[in-house]
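Asker:
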Amino acid sequence: ANKGTLFLDEIGELPLEVQASLLRTLENKTYRRVGDKDERTADIRLIFATNRNLAKEVEAGRFHEALYHRINVFNIELPPLRERKEDIPLLVEYFLGRIEGGGAYRVSDKAMGCLINYHWPGNIRELRNVIERGVILSEAGVITENALPRELSVKAEGESDFLSLEAVEREHIAKVLACFGNNRTLAATALGISRKTLYRKIREYNIM
Numbered sequence: 004a005n006k007g008t009l010f011l012d013e014i015g016e017l018p019l020e021v022q023a024s025l026l027r028t029l030e031n032k033t034y035r036r037v038g039d040k041d042e043r044t045a046d047i048r049l050i051f052a053t054n055r056n057l058a059k060e061v062e063a064g065r066f067h068e069a070l071y072h073r074i075n076v077f078n079i080e081l082p083p084l085r086e087r088k089e090d091i092p093l094l095v096e097y098f099l100g101r102i103e104g105g106g107a108y109r110v111s112d113k114a115m116g117c118l119i120n121y122h123w124p125g126n127i128r129e130l131r132n133v134i135e136r137g138v139i140l141s142e143a144g145v146i147t148e149n150a151l152p153r154e155l156s157v158k159a160e161g162e163s164d165f166l167s168l169e170a171v172e173r174e175h176i177a178k179v180l181a182c183f184g185n186n187r188t189l190a191a192t193a194l195g196i197s198r199k200t201l202y203r204k205i206r207e208y209n210i211m
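Here my numbering runs 3 ahead of the position in the sequence shown, where the first position is 1.
1. So Asn5 and Ile47 are in contact, right, with Cβ under 8 Å, and what is the actual spacing, rounded?
2. Ordered along the chain, which non-local residues of its own chain (more than five positions away) have a Cβ less than 6 Å from that of Leu175?
3. Taking 8 Å as the cut-off, decide whether the C-beta atoms of Ala193 and Phe183 are in contact.
4. So which of Asn75, Phe77, Gly104 and Ala114 has the shortest CA-CA distance to Pro92?
5. In this structure, does DSSP put Ile196 in helix, strand or coil?
6. In whole angstroms, what is the alpha-carbon distance linking Asn186 and Arg87?
7. Quick one: using the 10 Å Cβ neighbour count with 16 as the cut-off for buried, is Tyr202 buried or exposed?
8. Which of helix, strand or coil does DSSP assign to Leu9?
9. Of the residues Asn132, Arg198 and Ala107, which one's Cα is nearest the Cα of Ala143?
10. Relative to the alpha-carbon of Val95, which residue among Arg43, Asn132 and Leu25 has its alpha-carbon at the smallest distance?
11. Which residue's Cα is closest to the Cα of Lys65: Glu207, His122, Thr33 and Gln22?
12. Give a yes or no on whether the C-beta atoms belonging to Leu84 and Ile127 are separated by under 8 Å.
13. In angstroms, rounded to a whole number, what distance separates the CA positions of Leu168 and Asn31?
14. Smallest Cα separation from Ile102: which of Ile134, Ser197, Trp123 and Pro82?
15. Return yes when the Cβ of Ala52 is within less than 8 Å of the Cβ of Ile14, no when it is not.
16. Following the continuous beta strand (DSSP E) through Phe98, name the residue where it begins and the one where it ends.
17. Taking DSSP as the reference, what is the three-state secondary structure of Thr28?
18. Could you give the DSSP three-state label for Thr188: helix, strand or coil?
19. How many angstroms separate the CA atom of Leu29 from the CA atom of Lys204?
20. Determine the direct distance from the alpha carbon of Glu20 to that of Lys40, and round the result to whole angstroms.
If you want it as structure tokens, here you go:
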């Protein structure tokens, strides 16, 4: 990883003694391989991720305060999946492309409705596992609601009706257009569709 970028996930789960070792590495830019006596140097850029509130972890004594201040340089907060359900169709497509054999599959509209209306306590990892399960259990290249875990395929009591896939797509297109100041060329590129398709969907969904 020397001269490169290293991504460390779940930094908040590290034991305190490992946190102390990581802090020394960051401060001195040196490390020691397991079983090795010699110090080695490394010039790397580190990106950390966590689902914990590290400031509160510091207060509780579960996270090294000096390490917290050392890594707390630039923060990007990513909302949980349940708060950005318009991203689910794109994430599903991405995971299908990454899972072995997944590129030959698509998700049925009803199954996609189940995915969109689920609350995802396990966040994106849970979504990936569900898609991988769907690929394993499905045939004929289509992941249906029958291949989903029961908690996704059965509507919970008192839950509101499913959002239609069209409603989610309309909302996502409208957000992308707003993001690019209604520049349809840039929006089409960001959406991964042609301008002709974008114009058709704008008319179809009556997006102003």
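Here a beta-carbon is modelled for each residue, glycine too, at the ideal position from N, C-alpha and C.
Answerer: Judging by the given coordinates:
1. Yes, Asn5 and Ile47 are in contact; Cβ-Cβ is about 6 Å, under 8 Å.
2. At residue 175 the sequence reads His, which differs from the Leu that was named. Within the same chain, His175 has close Cβ partners Glu89.
3. A contact, by the Cβ cut-off of 8 Å.
4. Nearest of Asn75, Phe77, Gly104 and Ala114 to Pro92, Cα basis: Ala114.
5. Residue state, collapsed to three classes: coil.
6. Roughly 23 Å between the two C-alpha positions.
7. By the C-beta density criterion, Tyr202 is exposed, having fewer than 16 other C-beta atoms within 10 angstroms.
8. DSSP places Leu9 in strand when its eight states are reduced to three.
9. Among Asn132, Arg198 and Ala107, the Cα nearest to that of Ala143 is on Ala107.
10. With distances taken between Cα atoms, Val95 lies closest to Asn132.
11. Note that residue 65 is Arg in the sequence shown here, rather than Lys. Nearest of Glu207, His122, Thr33 and Gln22 to Arg65, Cα basis: Gln22.
12. For Leu84 and Ile127, yes; Cβs fall inside 8 Å.
13. Cα to Cα, the separation comes out at about 52 Å.
14. Ile102 has its Cα closest to that of Ile134, out of Ile134, Ser197, Trp123 and Pro82.
15. Taking a C-beta distance under 8 Å as the contact criterion, Ile14 and Ala52 qualify as a contact pair.
16. Not the beta strand (DSSP E): Phe98 falls in the alpha helix (DSSP H), residues Ile91 to Arg101.
17. Note: Thr28 maps to helix in three-state DSSP.
18. The three-state reading of DSSP puts Thr188 in helix, counting H, G and I together.
19. The straight-line gap from Cα to Cα measures roughly 50 Å.
20. C-alpha separation (whole angstroms): 19 Å.
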